[in-house]
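J.: Handing you a structure now.
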Amino acid sequence: SEHPFNKLSPFAFSKDFLIPVPGMDNVFSHSVESIWQGLKVIDGNIDESLFKKKPKKKKGLVQGHKFEDKILDIGEARKKIYIPSYTFYLDNYVPSEIINNILDEQRAGKRIFLYDVENNGDLTKPEPLAHAAVLATYFNLKIFASDIEPINDVEEKLFAILDNPFCLLYTSDAADEED
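Quick note on numbering: the sequence shown equals residues 1 to 179 in this note's numbering.
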């Protein structure tokens with residue numbers, strides 16, 4: 001992706017990044033992808049040296065990913081390793097102007113397209129994950145976790161539903177039908 005949106009990539013690398021490695025106390029990495037590759041268990045081993053290097057794919061039959069003293073399957077590894085690492089990176093190293101620009105465009109009603117070379121958005125499928133799917137979820141959670149005031153009728157209705165999801169069950173039309 002082009003600057004500045006390339007900063008959203010989990011492959012971004014900098015010696016200034018200190019991303020905590022999930023499941024390991026006081027161990028940090030310079031890239032999200034380096035964490036993912038470094039914790040791959042191949043022939044019973046992980047490679048912690050990858051945490052300090054530019055990301056590169058680790059070759060071999062993957063037995064899982066190490067987390068604490070366990071070897072996790074792909075779904076659990078993505079939930080306990082990849083997503084927390086990527087979220088930490090986005091929250092701490094991507095300039096807030098980039099995040100806020102996308103959120104502002106989204107709230108203004110613009111369609112946001114996130115492209116990826118992969119198309120798998122299912123955390124449990126063993127094929128490569130589309131990072132854009134995780135990023136889209138991140139942005140959606142950001143916007144709905146914010147204390148924001150509605151800026152139009154659609155947001156006002158949506159926020160009312162989110163504040164009281166049971167209101168959908170008891171609409172005036174449903175009450176009229178019961179009478």
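No residue lacks a Cβ here, since even glycine has one placed at the ideal position from N, Cα and C.
Using a Cβ-Cβ cutoff of less than 6 Å, which residues in the same chain neighbour Pro4 once the five nearest sequence positions on both sides are dropped?
T.: Along the sequence shown, read from residue 1 onward, the residue named residue 4 stands at position 4. Taken in chain order, the residues that qualify are Ile98.
J.: Measure the Cβ-Cβ separation of Phe17 and Tyr82 and say whether it is below 8 Å.
T.: Looking up residue 17 in the sequence shown gives position 17. Looking up residue 82 in the sequence shown gives position 82. Their beta carbons are not under 8 Å apart, which means Phe17 does not touch Tyr82 by this criterion.
J.: Would the beta-carbon of Val32 fall within 8 Å of that of Phe51?
T.: By 1-based counting over the sequence shown, the position of residue 32 is 32. By 1-based counting over the sequence shown, the position of residue 51 is 51. No.
J.: Indicate whether Lys66 and Ile46 have their beta-carbon atoms separated by less than 8 Å.
T.: The residue labelled residue 66 in the question sits at position 66 within the sequence shown. The residue labelled residue 46 in the question sits at position 46 within the sequence shown. Yes, these two residues count as a Cβ contact at 8 Å.
J.: Beta-carbon within less than 8 Å of Phe11's beta-carbon, same chain only, minus the 5 sequence neighbours each way: which residues are those?
T.: If you number the sequence shown from 1, residue 11 lands on position 11. These residues qualify, in order along the chain: Ser31, Val32, Glu33 and Pro55.
J.: Please work out which residues of its chain come closer than 7 Å, Cβ to Cβ, to Lys57, disregarding the five sequence neighbours upstream and downstream, and give them in chain order.
T.: In the sequence shown, the residue the question calls residue 57 occupies position 57. The answer, listed in chain order, is Gln37.
J.: Please look up how many angstroms separate the CB atoms of Tyr115 and Ala132, rounded, as I've assumed it's under 8 Å.
T.: Indexing the sequence shown from 1 puts residue 115 at position 115. Indexing the sequence shown from 1 puts residue 132 at position 132. Between Ala132 and Tyr115 the Cβ distance is about 6 Å, and since that is below 8 Å, they are a contact.
J.: Write down every uninterrupted run of the beta strand (DSSP E) in the region 7-41 whose length is 3 residues or greater and which is fully enclosed by it, in chain order.
T.: Within the region 7-41, no complete beta strand (DSSP E) run reaches 3 residues.
J.: Following the continuous beta strand (DSSP E) through His65, name the residue where it begins and the one where it ends.
T.: Locating residue 65 in the sequence shown gives position 65, counting from the first residue. That run of the beta strand (DSSP E) goes Val62 to Phe67.
J.: To the nearest angstrom, how far is it from the Cα of Pro22 to the Cα of Arg111?
T.: Counting from 1 along the sequence shown, the entry for residue 22 is found at position 22. Counting from 1 along the sequence shown, the entry for residue 111 is found at position 111. Going by the C-alpha atoms only, they are around 33 Å apart.
J.: List the whole-angstrom C-beta distance separating Asn140 from Ala130, where the pair is believed to meet the contact cut-off of C-beta under 8 Å.
T.: The residue you call residue 140 lines up with position 140 of the sequence shown. The residue you call residue 130 lines up with position 130 of the sequence shown. Not a contact, Cβ separation roughly 15 Å.
J.: Where does Asn101 sit, in a helix, a strand or coil, going by DSSP?
T.: Position 101 of the sequence shown holds residue 101. Helix.
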